[in-house]
Amino acid sequence: MRVILLCLLVATCFAEEEQKLQWKDEDGLEIKIIRPIKAEKCPIKSQEGDVLDQWYKLTDKDGKEIGSNFNKKPYTFTLGKGQVIPGMERAMTGMCKGEKRKVVIPGSLGFGSKGRERDSIKEDQTLYYTVQLVDLFRAVPGEKWTTEEGIVIEQTHKIDEDKCKKSKTGDTIHQQYVLHLEDGTFVDSSFSRNAPFIFKLNNNEVIKGMDIAMTGMCEGERRQVVIPSDFGYGDNGRAPAIPGKARLYFDITLEKLIQRDEL
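Letter by letter, the sequence shown follows residues -15 to -1, 1 to 248 in mature numbering (1 follows the signal peptide of the UniProt record, and there is no 0).
Dropping the structure here:
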């Protein structure tokens, strides 16, 4: 009797473990963890708002590769912001850094009835992914204020004062940015060029509002910035993307700071 009970307990444990490593949701999304990470090596798991670096391989049902970036530059996106298909949002949630999963995404959670012509993905096509979480960044929000010039600055990721390498006039800034207009229209991004934008602070190399917004900023800090047109591109704007008198909405990161006395 004890032997039978022990066997039942062991079987139950194995079943529970299997369920943790593989599951299928009611709407058809299937996830299988093929490279799990031990709990002691996983201090945080991915959640909404995290910035993820992802490797992926996409195939069709026969295993024919559609696209892959494994061992190349990771694909970076913010979880929960609609920057990837709905099935991928869910598939990448609750992951540990280094974890790898196989994912089956039904068409309704993929590219839907439109498909994606450039990759020859057909209407409502099921997608077969292998994904790995390469890295994870979780922001620590800071303060929000408005300068005398009317520039709104919000720290979306702050750096502790005792760890802050702070920018000042004459320093060389390596900046990553995304620029939108007030209605959400995308204008430009340094990420699309795979390189930071580099300029010298308060040297008339950028719009005045950006010099103001990045003065006193810590290396590694991230900010959301709203710049009035008087400190942006003024009444004339910058054709064709920026109309006259446009307020500018930036997400900026001070990726690297070379202080003037280091040159």
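Where is the CB? At the ideal position from N, CA and C, for every residue including glycine.
Keep in mind the model is a prediction, meaning the values are calculated, not measured.
Which residue marks the beginning of the alpha helix (DSSP H) containing Phe194, and which one marks its end? Here residue 194 is Gly; the residue named in the question, Phe, does not match the sequence. Element bounds for Gly194: Lys193 to Met199.
Leaving out the 5 sequence neighbours to the left and right, which residues in its chain are closer than 7 Å to Arg75 when beta-carbon positions are compared? Cβ neighbours of Arg75 beyond the five flanking positions: Leu14.
Could you have a look at Ser31 and say whether DSSP puts it in helix, strand or coil? It is coil, neither helix nor strand.
Glu139 lies in the beta strand (DSSP E); which residues open and close that run? For Glu139, the enclosing beta strand (DSSP E) begins and ends at Val137 to His142.
Could you tell me whether the region 216 to 229 touches the region 153 to 162, using the rule of 3 or more Cβ pairs below 8 Å? Three or more Cβ pairs closer than 8 Å define a contact, and the region 216 to 229 falls short of that threshold against the region 153 to 162.
CB Ala198 to CB Gly217, shorter than 8 Å? No, the Cβ-Cβ distance between Ala198 and Gly217 is not below 8 Å.
Sequence-distant residues of the same chain with beta carbon closer than 6 Å to Asp47, five excluded per side: No residues qualify anywhere along the chain.
Neighbourhood of Ile106 by C-beta distance below 8 Å, restricted to the same chain and skipping five residues each side: Closer than 8 Å at the Cβ level, and outside the excluded window around Ile106, lie Ile51, Gly95, Phe96, Gly100 and Leu112.
CB Gln117 to CB Lys143, shorter than 8 Å? Not closer than 8 Å, so no.
Going by beta carbon distance, what residues of the same chain come within less than 8 Å of Lys153, once the five residues before and after it are set aside? Close CB contacts of Lys153 within its chain, under the 8 Å cut and outside five residues either way in sequence, are with Leu186, Thr200, Gly201, Gln244 and Arg245 (chain order).
Starting from the C-beta of Val36, find all residues in its chain whose C-beta is less than 6 Å away, skip the five residues before and the five after it, and write them out in chain order. Around Val36: Thr63 and Phe122.
Assigned exposure category for Val(-6) - 16 Cβ within 10 Å defines buried: With a pLDDT of only 46 at Val(-6), under 50, the local geometry of the prediction cannot be trusted, and the value read off the model is given with reservation. Residue environment: Val(-6) is assigned as exposed (fewer than 16 neighbouring CB atoms within 10 Å of its CB, all protein chains considered).
Measuring only the C-alpha atoms, how far is Asp145 from Asn179? Those two C-alpha atoms are separated by around 28 Å.
Go ahead and label Arg103 buried or exposed: buried means 16 or more other beta carbons lie within 10 angstroms of its beta carbon, across all protein chains shown. Looking at its Cβ environment, which holds fewer than 16 other Cβ atoms inside 10 Å, Arg103 is exposed.
Can you give me the C-alpha to C-alpha distance between Gln68 and Gly34, rounded to a whole angstrom? About 11 Å.
To which residues of the same chain is Gln4 closer than 8 Å at the C-beta, ignoring the five residues directly before and after it? Below a pLDDT of 50, predicted positions are generally treated as unreliable, and Gln4, at 48, falls in that range; no measurement from the model is reported.
Is the beta carbon of Tyr41 sitting closer than 8 Å to the one on Tyr114? Yes; because the gap between Cβ atoms is below 8 Å, this pair is in contact.
Cα-Cα separation, Gly194 to Val211: Cα atoms of Gly194 and Val211: separation of roughly 9 Å, rounded to the nearest angstrom.
Determine the extent of the beta strand (DSSP E) in which Gly52 is found, giving its start and end residues. Secondary structure note for Gly52: its beta strand (DSSP E) is the uninterrupted segment Glu50 to Ser53.
With C-beta atoms as the reference, is Val119 less than 8 Å away from Gln39? Going by C-beta atoms, Val119 is nearer than 8 Å to Gln39.
From Cys81, Lys87 and Lys58, residue whose alpha carbon lies closest to that of Gly72: It is Lys87 whose Cα lies nearest to the Cα of Gly72.
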